[in-house]
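Going by the UniProt record's numbering, the first residue of the sequence shown is number 1, and it counts up by one from there. Okay, structure first, notes after.
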Amino acid sequence: VLFLLFIDKRFIYLIISGFILGMFFSEIISYLIYFNLLPYKLKLFNIIIYEAQGINNPSPFLNHSFYNMLLSIVIGLMLYNLLKNKNNFFIKFVSVFFIITASINLVLVGGRIGYLSYVVIIGVVLFILYEKNTLKKILPTGLLILSMFFYLAYNNSSQFKIRIDNAISDKEKIFNQDGNDYNSSIGLRIGFWLYSVDVIKENLFFGVGTGNHMDAVKSKLTKEHKYISNIEHPHNEYIKNLLQFGVIGFIFFLNIFYQIFKLKIYDEDLKNYLIILTTGVCCLLLTDVFVKNILIIFLLFISVCTSKTDYLKNYKFNLGIKIISLYITLIMFFLFIFLLEKIY
């Protein structure tokens, strides 16, 4: 909250660049874990600095779904900048390099919603940049490239192949002739969503409230599907909102994204960056819920892209020893706070 109070619009692109560099750093760590150059779990003085699920799922700092979604967003931002703006050779080279390495990293990490957001975000970027007639020519080429990419990923990435095969296997269990078997990763979610329909119908307009939605759905489970009660949350923000607040609350929830898309931002690039981010978040919420990490990045980007503050316009910065020392001290302080959170 304090950070958002002093965002100056001159820093907007620096903040976005910092976000991209942060993801690039995470990607490097991910590759080092994958190639056994770093351990998948790093501890310092009995404090866990990062912990991935394993060498074959190298997402060090974030949940794999969240990590893949952020990678997709950064790929979208880089692709947009590459196709839209006239950059020098170095920027073009870095953009192409990051898009390729991040796309490969995406399939090494087990987050299926990341694969979906990757395709959707690339589609949104092409839709933003090209007119209807041009899009008709470019879209088939784009689909062909994506198909080849995922074909190569399926045949060369064990993690990607496992996730896709599991998804197909889970689907076959759900729709088998002997009855619906929801006892699988995807099955539990789909089973919960299907049983949620009855609760939503009974509480159509106002929902069941914020504390009762899980119990309300679990009370509808038949004896043969009681194992669905093991699910911790709905794994879908849209379903969760319908359960908690009904259709009326759901309309207010969707209005958040509608207001973002209709925002009047005079910088076209910032407007489109915000659309790319919002698209990624909307995809993630199909299989996840709004948690602190998602909300912080979402609010940060909205605040950054809509900032009109210009109070530092006539201020000249002199980076002396005192200023640099202050920045280093603040960074060390917040790292210390981060480590304390890990302990407690």
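Where is the CB? At the ideal position from N, CA and C, for every residue including glycine.
Span of the beta strand (DSSP E) holding residue i?
i: L38; result: Run containing L38: none; DSSP gives neither H nor E here.
i: Y130; result: From DSSP, Y130 is part of no beta strand (DSSP E); its letter is neither H nor E.
i: I47; result: 47-51
Give a yes or no on whether the C-beta atoms belonging to residue i and residue j are separated by under 8 angstroms.
i: M69; j: C282; result: no
i: Y50; j: F61; result: yes
i: F160; j: V107; result: yes
i: V119; j: L146; result: yes
i: I128; j: N272; result: yes
i: L287; j: R189; result: Looking at the sequence shown, residue 287 is not Leu but Thr. For T287 and R189, yes; Cβs fall inside 8 angstroms.
i: I276; j: F261; result: no
i: V74; j: I20; result: yes
i: K220; j: Y238; result: no
i: F245; j: F206; result: yes
i: D170; j: S184; result: yes
i: residue 418; j: K240; result: Not covered by the structure: residue 418. The range shown for the chain is 1 to 344.
i: Y182; j: I228; result: yes
Nearest-angstrom Cα distance between residue i and residue j?
i: L270; j: L300; result: 13 angstroms
i: N56; j: E268; result: 39 angstroms
i: F149; j: I104; result: 9 angstroms
i: G110; j: P58; result: 8 angstroms
i: L312; j: I296; result: Residue placement at L312 cannot be trusted, given a pLDDT of 48 that sits under 50; what the coordinates show is reported in the next sentence. Near 25 angstroms, if we compare the C-alpha coordinates of I296 and L312.
i: I248; j: L42; result: 46 angstroms
i: S17; j: I47; result: 29 angstroms
i: F336; j: F45; result: 13 angstroms
i: Y258; j: I251; result: 10 angstroms
i: K86; j: K137; result: 22 angstroms
i: N63; j: I321; result: 38 angstroms
i: I33; j: K223; result: 43 angstroms
i: S30; j: T101; result: 11 angstroms
i: N88; j: K264; result: 30 angstroms
i: residue 355; j: S26; result: Beyond the ends of the chain as shown, which are 1 and 344, falls residue 355; an answer cannot be given.
i: F98; j: N155; result: 22 angstroms
i: I15; j: S325; result: 21 angstroms
i: L112; j: G280; result: Note on residue identity: the sequence assigns Arg, not Leu, to residue 112. Cα to Cα, R112 sits roughly 13 angstroms from G280.
i: G114; j: M23; result: 14 angstroms
i: Y266; j: Y80; result: 17 angstroms
i: L126; j: Q53; result: 34 angstroms
i: T210; j: K84; result: 43 angstroms
i: N203; j: C305; result: 37 angstroms
i: K218; j: W193; result: 11 angstroms
i: I91; j: L82; result: 8 angstroms
The alpha helix (DSSP H) that contains residue i, what's its start and end?
i: E202; result: 185-202
i: I174; result: 158-174
i: F89; result: 89-108
i: N85; result: Element bounds for N85: n/a, residue is neither H nor E.
i: K218; result: 213-218
Would you say residue i reaches chain C, if we count a Cβ-Cβ gap shorter than 8 angstroms as a contact?
i: L295; result: Absence of chain C from the displayed structure is noted, only one protein chain being present.
Assuming residue i contacts residue j (C-beta within less than 8 angstroms), just tell me the rounded distance between them.
i: G76; j: I121; result: 4 angstroms
i: L143; j: V199; result: Going by Cβ atoms, the distance from L143 to V199 rounds to 39 angstroms, so no, they are not a contact pair.
i: I186; j: N180; result: Not really, about 12 angstroms apart at Cβ, beyond 8 angstroms.
i: S117; j: S72; result: 4 angstroms
Quiz item: Which runs of the beta strand (DSSP E) spanning at least 3 residues fall entirely within the region 257-310, listed in chain order?
Solution: none
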